[in-house]
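Chains as they are written, first to last, in our numbering: chain A, 230 to 474; chain B, 725 to 971.
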């Protein structure tokens, strides 16, 4: 029996084997083999054009994340503190969250045009709602007795927020941010696929248009690695947050 | 409460209507909501897009069925073999961080332009959420239920079908609800990117031709249908969760 520690390696071997198998079945014009893709990816990393695209995507993702987090927190905290507004908004936010946002792409393009702002907007509409919903629920989950005690002690609104709300609601808010940031990345990349003139997503569409299979898979691989590392970083942060309590 | 909610939603629409009518939002960007409704009605009454609507609906249903059945079976198998599950877990958790649509061009090369790549992209987009929820549901089967199954000497398939699956229903329904959303996204996004027909194709065609009435009419149709299906499933989900004593 192979020890459990080696599971990630096992997974990698399995994925590579499956990938190679696909190449053998479908042929090299449909799927490039792992070896070809990796060689191509290494060549790609050495080009300056790739890093320009990566920087564009990174900038759009960073901007969209900041806006999503700030907007989502503001909205979510406000709705969490105002019971009535929160009750009214809860199902509305839920149904907005479940809308397939990708269908809104023509609308976003008409409003923002092609380019950076459309990408950022795409990221934000994906990311802001989960953050708002999670932080609203986090604040609502704070036991009322804590707030009553605070009122009894005549604490100011600011100190209530800092000493009671923040520590009680933080783990869940961080969970919301993790989901929101992951979706922001997804949204930004989708925005690039549809509406950009620069960035990794655009490079991918360009590769598709000229049907460069090795290029498509190499870029996809990069995106996957980037997304997976952001994801595990956020998971790690969230777990530490929960352990500290 | 409900009145306040209607008030908020209606207020948003009226505000949008006023902004559009006053020309603060110009017509090239957005037509007034009332005109979207008229356009939607004309689209349906005119029957011009019946073929596209049927095409997209068929694809979504096919993708959804594949995702749910496939996800259910794979989820069950993974639950039955913890070792395998431990191996693939990281893949499942990182799955939705990657835009699956990047594989769509490869699918077109493999299957040709038509229904097949759309159905496949919808299905591979939706299947993982179903796998995850199936495993979660089976994880949360109460030990007492398992014990009584053992007491009745139910083994293998019978225990799975008669005891475990019914006990996991609330989670399965959550999975089904999300699988619907994901299949819609997969299919429509695929149609946006490249297709010969379908609602997504018509929307992007109308967008390219500045035909805002058609575009907003179809968008509205899509959003209304998705929201209704989702609301129905959410109600069902909530009722089940309550019956099973979950929150």
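Glycine included, each C-beta is placed from N, C-alpha and C at the ideal position.
Residue range of the unbroken alpha helix (DSSP H) whose run includes residue i
i                      : result
residue 385 of chain A : Neither: residue 385 of chain A is in no alpha helix (DSSP H) and is coded neither H nor E.
residue 277 of chain A : 277-310
residue 417 of chain A : 395-424
residue 252 of chain A : 236-255
residue 774 of chain B : 774-804
residue 378 of chain A : 373-381
residue 330 of chain A : Where residue 330 of chain A is concerned, there is no enclosing alpha helix (DSSP H), given that its DSSP letter is neither H nor E.
residue 757 of chain B : 757-770
residue 752 of chain B : Segment: none, residue 752 of chain B is in no alpha helix (DSSP H) and carries neither H nor E.
residue 345 of chain A : 345-369
residue 440 of chain A : Taken as a continuous stretch (DSSP letters only), residue 440 of chain A belongs to no alpha helix (DSSP H), as it is neither H nor E.
residue 741 of chain B : 726-745
residue 392 of chain A : No alpha helix (DSSP H) contains residue 392 of chain A, which DSSP labels as neither H nor E.
residue 266 of chain A : 263-274
residue 866 of chain B : It is not in any alpha helix (DSSP H) - residue 866 of chain B carries neither H nor E in the DSSP assignment.
Own chain, CB closer than 6 Å to residue i, minus 5 neighbours either side, in chain order
i                      : result
residue 349 of chain A : 289, 292 and 293
residue 313 of chain A : none
residue 749 of chain B : 743
residue 352 of chain A : 293, 413, 416 and 417
residue 938 of chain B : 930
residue 304 of chain A : 361
residue 302 of chain A : 364
residue 790 of chain B : 847
Within 8 Å, strictly: CB atoms of residue i and residue j
i                      : j                      : result
residue 329 of chain A : residue 409 of chain A : no
residue 698 of chain B : residue 837 of chain B : Here chain B has residues from 725 to 971 only, and residue 698 of chain B is not among them.
residue 415 of chain A : residue 362 of chain A : no
residue 944 of chain B : residue 725 of chain B : no
residue 850 of chain B : residue 892 of chain B : no
residue 806 of chain B : residue 240 of chain A : no
residue 379 of chain A : residue 393 of chain A : yes
residue 425 of chain A : residue 315 of chain A : no
residue 411 of chain A : residue 463 of chain A : yes
residue 954 of chain B : residue 874 of chain B : no
residue 236 of chain A : residue 810 of chain B : yes
8 Å CB neighbourhood of residue i in its chain, flanking five on each side removed
i                      : result
residue 845 of chain B : 787, 824, 825, 827, 828, 831, 910, 911, 913 and 914
residue 816 of chain B : 852, 855 and 856
Burial state of residue i (16 or more Cβ within 10 Å)
i                       : result
residue 257 of chain A  : exposed
residue 516 of chain A  : Residue numbering for chain A in the displayed model covers 230 to 474; residue 516 of chain A lies beyond these limits and cannot be assessed.
residue 1045 of chain B : No answer is possible for residue 1045 of chain B: the residues shown for chain B start at 725 and end at 971.
residue 842 of chain B  : buried
residue 880 of chain B  : exposed
7 Å Cβ shell around residue i - same chain, five flanking residues per side excluded
i                      : result
residue 397 of chain A : 371 and 375
residue 249 of chain A : 262 and 263
residue 399 of chain A : 470
residue 896 of chain B : 857, 858 and 861
residue 306 of chain A : 364 and 368
residue 753 of chain B : none
residue 908 of chain B : 784 and 950
residue 878 of chain B : 886 and 887
Residue ranges of each alpha helix (DSSP H) within the stretch 809-841 of chain B, 4 or longer = You should have 828-835.
request  = Any chance you could list the beta strand (DSSP E) runs of at least 3 consecutive residues sitting entirely within the stretch 877-960 of chain B, in chain order?
outcome  = Secondary structure in the stretch 877-960 of chain B: no beta strand (DSSP E) run of 3 residues or longer lies completely within the stretch.
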